[in-house]
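Asker:
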Amino acid sequence: MNKILFSSVSKKFVMAVAGLFLLLFLPVHLIINFMLLKNDPAPFNSAAHFMASFPLIKIIEAILFGALLIHLSYGIWLQIQNWLARPVGYAGGNKSETSFFSKFMIWTGLSVLTFMVLHFFNFYFIKLGLVPGNPQDFYSVAHNLFKIPAYNYIYLVCFVLLGLHLFHAFSSGFQTLGLNHRIWTPVVKVFAWIYSIGIPAGFAIISLTLWLYR
Amino acid sequence: MLDALNKKLIEANNDPVAFDHDCREGICGSCGMFINGHPHGPVSAITTCHLSMRYFKDGETIWIEPWRAKPFPVIKDLIVDRSAFDKIQTAGGFISVNTGAAPEANSIPVKKKNADEAFDSSICIGCGACVAACKNASAMLFVSAKISQFALLPQGRVEAKDRVRAMVEKMDELGFGNCSNTGACEAECPKEIKLTNIARLNREYYKAY
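What follows is the structure, given as structure tokens:
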């Protein structure tokens, strides 16, 4: 049983499934965040309240955290094994042609994780009552945060790094699941471009609009 | 170039540089070495033995290293022990056929597409360039080529599940890294083995359980 669960192919499979599930969450988050651009706080706060209280969403949230934990722990585990597989590197460097963003997946992933911890302190932990704040008015919490230039800098850098992570992750996930096809793989790669640019750009537009124009 | 270098070293009573070679026709895979940051040198789709000096500039410094991977320990200078590949192949890279008269070759129809793809996978020479190029020292391209050449043909389907389980298990046991789909293996393979083989290996593995 251990051979099935912990073989290199199985670990990659689990990581890919968890990662692709996480990809579904980002567009939902972005759509809700666009409500921050309205002058009326009610739609955003209602959506936030719905996301925090609807039972089905609570189940999905638990799965989401599970997927995040699995993706993160398996990612670190696989990376450590990869480092151990080449204890002595090339003195003259490795100039092999490769997917550029794939070289930095562990670092872009850990950077996004660091931002998520900050994000939890600013929002999720308020909802749980672990950090002081008004969980009924996340609209104001978000607007106040986006007034701080340093927060915007961190936010924008993290979303650029997320975009770099997503670009390789999207098509790599399909390849790991064995879904490589003469016609569909190029289509997946186009979607990877659209997704990895579109999603971070959407979050960045909200940050820049609230910071510079409100 | 290495022969010329070694001639000079021997004439000066120095030890020659140890390097591996056999066929010098680009089909045995024994001449692998890391040249100027690339397995088999900077020219694509050829082995080291086919890498001519005309591909380098006059007076250029050429940087040569052995393959670097934990499962490929360096024996001496540029020679590494690639027997890890033999162990993976022995674990399942074969078909079991009863002895006796050879069966009629055309009794089992094979699609032309499958035959072509199986042939393309079978031309892997097991040189180890994929492992050398991969930042994770992963052997997935090699193993997937060996899996594919059998999985695509009816004769190989019989033991397909046992084969993929055994070969992946042996690959993991030997300490190769994990595939992160960087594509370096495909870019550097002297026989142009495709990444589609790795997707096929993944599919075969999932089907095996």
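Just so you know, the sequences run in chain order A and B.
At position 109 of the first sequence (counting the first as 1) the number is 109 in my numbering, and the numbers step up by one without a gap.
Adding 1000 to a residue's 1-based position in the second sequence gives its number in my numbering.
Using N, Cα and C, we set each Cβ at its ideal position, and we do this for glycine too.
Small disclaimer: the values here were computed from a predicted structure and weren't measured.
Nearest to Arg86/A by alpha carbon, out of Val1131/B, Leu1141/B, Asp1020/B?
Answerer: Comparing Cα positions, the closest option is Val1131/B.
Asker: Per DSSP, what kind of secondary structure is Ile63/A in: helix, strand or coil?
Answerer: Of the three classes helix, strand and coil, the one that applies to Ile63/A here is helix, per DSSP.
Asker: Any C-beta of chain A sitting closer than 8 angstroms to the C-beta of Glu1192/B?
Answerer: Glu1192/B does not count as touching chain A.
Asker: Can you tell me where the alpha helix (DSSP H) holding Lys103/A begins and where it ends?
Answerer: First-last for Lys103/A: undefined, no H or E at that position.
Asker: Cβ closer than 8 angstroms: which chain A residues qualify as neighbours of Lys1254/B?
Answerer: Nothing can be reported for residue 1254/B, as the shown portion of chain B is limited to 1001 through 1209.
Asker: Enumerated in chain order, which unbroken segments of the alpha helix (DSSP H) with a length of 4 residues or greater are wholly contained in the segment 11-62 of chain A?
Answerer: Taking only runs of at least 4 residues, the alpha helix (DSSP H) segments lying wholly in the segment 11-62 of chain A are 42-53.
Asker: May I ask which residues mark the beginning and end of the beta strand (DSSP E) holding Lys1008/B?
Answerer: Element bounds for Lys1008/B: not the beta strand (DSSP E) but the alpha helix (DSSP H), 1002-1011.
Asker: When we look at the beta-carbon of Met1001/B and count the other beta-carbons within 10 Å, is it buried (16 or more) or exposed?
Answerer: It counts as exposed.
Asker: Using only CA atoms, which one of Gly129/A, Asn152/A, Phe174/A lies nearest to Phe115/A?
Answerer: Closest by alpha carbon: Asn152/A.
Asker: I'd like to confirm the pairing. Which residues does DSSP put opposite His119/A in its beta bridges?
Answerer: Answer is none; His119/A lacks a bridge partner.
Asker: Just checking: is the beta-carbon of Gly1128/B within a distance shorter than 8 angstroms of some beta-carbon in chain A?
Answerer: Not an interface residue.
Asker: Report all residues from its chain with a CB closer than 7 angstroms to the CB of Thr209/A; omit the five preceding and five following residues, and keep chain order.
Answerer: Answer for Thr209/A: Leu37, listed in chain order.
Asker: So, using beta-carbon positions, are Phe1085/B and Gly1126/B closer together than 8 angstroms?
Answerer: Contact: yes.
Asker: Are the C-beta of Val1168/B and some C-beta of chain A separated by less than 8 angstroms?
Answerer: Chain A contact via Cβ: present.
Asker: Name the DSSP bridge partner or partners of Ser1138/B?
Answerer: For Ser1138/B, which the question treats as bridged, DSSP gives the partners Gly1177/B.
Asker: Quick check on DSSP: helix, strand or coil for Phe167/A?
Answerer: Phe167/A: helix per DSSP, three-state reduction.
Asker: Using a cut-off of 8 angstroms between C-beta atoms, extract the partners of Leu1195/B located in chain A.
Answerer: Chain A residues near Leu1195/B: Gln175, Asn180.
Asker: Determine the direct distance from the alpha carbon of Gly178/A to that of Ser172/A, and round the result to whole angstroms.
Answerer: Cα to Cα, the separation comes out at about 10 angstroms.
Asker: Short of 7 angstroms Cβ to Cβ, which residues in the segment 93-111 of chain A face chain B?
Answerer: Cβ contacts with chain B come from Gly93, Asn94, Lys95, Ser96, Glu97, Thr98, Ser99, Ser102, Lys103, Met105.
Asker: Considering only the alpha carbon of each residue, which of Gln1149/B, Ala1004/B, Thr1099/B, Leu1174/B lies closest to Glu1204/B?
Answerer: Comparing Cα-Cα distances from Glu1204/B to each of Gln1149/B, Ala1004/B, Thr1099/B, Leu1174/B, the minimum goes to Gln1149/B.
Asker: In chain order, what are the residue ranges of uninterrupted alpha helix (DSSP H) at least 4 long that sit wholly in the segment 1116-1166 of chain B?
Answerer: Those alpha helix (DSSP H) runs which fall completely within the segment 1116-1166 of chain B and span 4+ residues are 1129-1133, 1140-1151, 1154-1157.
Asker: Among Gln79/A, Ser99/A, Leu26/A, Ile126/A, whose alpha-carbon lies nearest the alpha-carbon of Cys1185/B?
Answerer: It is Ser99/A.
Asker: Secondary structure at Ile1064/B, three-state DSSP: helix, strand or coil?
Answerer: Correct three-state label for Ile1064/B: strand.
Asker: Since Gly1059/B and Ile1046/B should fall inside the 8 angstroms C-beta cutoff, what is the C-beta to C-beta distance between them, to a whole number of angstroms?
Answerer: Gly1059/B to Ile1046/B, Cβ: 23 angstroms. No contact.
Asker: Let me confirm a value: Gly93/A is counted as buried when at least 16 other C-beta atoms fall within 10 Å, else exposed. Which label applies?
Answerer: By the 10 Å Cβ count, Gly93/A comes out exposed.
Asker: Distance, Cα to Cα, Ala1199/B vs Ile183/A?
Answerer: If you take the alpha carbons of Ala1199/B and Ile183/A, they lie about 14 angstroms apart.
Asker: Who pairs with Ala1069/B in a beta bridge, going by DSSP?
Answerer: Its beta-bridge partners are Phe1072/B.
Asker: Any contact between the segment 130-142 of chain A and the segment 71-79 of chain A? By contact I mean 3 or more CB pairs, one from each, below 8 angstroms.
Answerer: No, because fewer than three Cβ pairs between the segment 130-142 of chain A and the segment 71-79 of chain A fall closer than 8 angstroms, the two stretches do not touch.
Asker: Measure the CB-CB distance between Lys1135/B and Lys103/A and report whether it falls below 8 angstroms.
Answerer: It is a contact, given that the beta carbons lie within the stated cut-off.
Asker: For Ala1151/B, which of Glu1192/B, Met1053/B, Glu1117/B, Ser1138/B has the nearest alpha-carbon?
Answerer: Out of Glu1192/B, Met1053/B, Glu1117/B, Ser1138/B, Glu1117/B has the C-alpha closest to the C-alpha of Ala1151/B.
Asker: Quick check on Pro1039/B: does DSSP put it in helix, strand or coil?
Answerer: Three-state result, Pro1039/B: strand.
Asker: Quick check: is any heavy atom of the ligand PLP less than 7 angstroms from the C-beta of Glu1188/B?
Answerer: The ligand content of the structure shown is nil, which means the ligand PLP is not present either.
Asker: Would you say Ser1010/B reaches chain A, if we count a Cβ-Cβ gap shorter than 8 angstroms as a contact?
Answerer: Note on identity: in this sequence residue 1010/B is Ile, with Ser being the wrong assignment. Judged by the 8 angstroms Cβ criterion, Ile1010/B is not in contact with chain A.
Asker: Using the C-alpha atoms, what's the distance from Leu128/A back to Pro55/A?
Answerer: Taking the straight line joining both Cα atoms gives about 16 angstroms.
Asker: Am I right that Ser252/A and Asp1172/B are in contact with their C-beta atoms under 8 angstroms? What's the rounded C-beta distance?
Answerer: The question about residue 252/A has no answer here: the residues shown for chain A are numbered 1 through 214.
Asker: Taking Pro1109/B as the reference, which of Ile1088/B, Pro1154/B, Leu1141/B, Val1080/B has the closest Cα?
Answerer: Of the candidates Ile1088/B, Pro1154/B, Leu1141/B, Val1080/B, the one whose C-alpha sits nearest the C-alpha of Pro1109/B is Pro1154/B.
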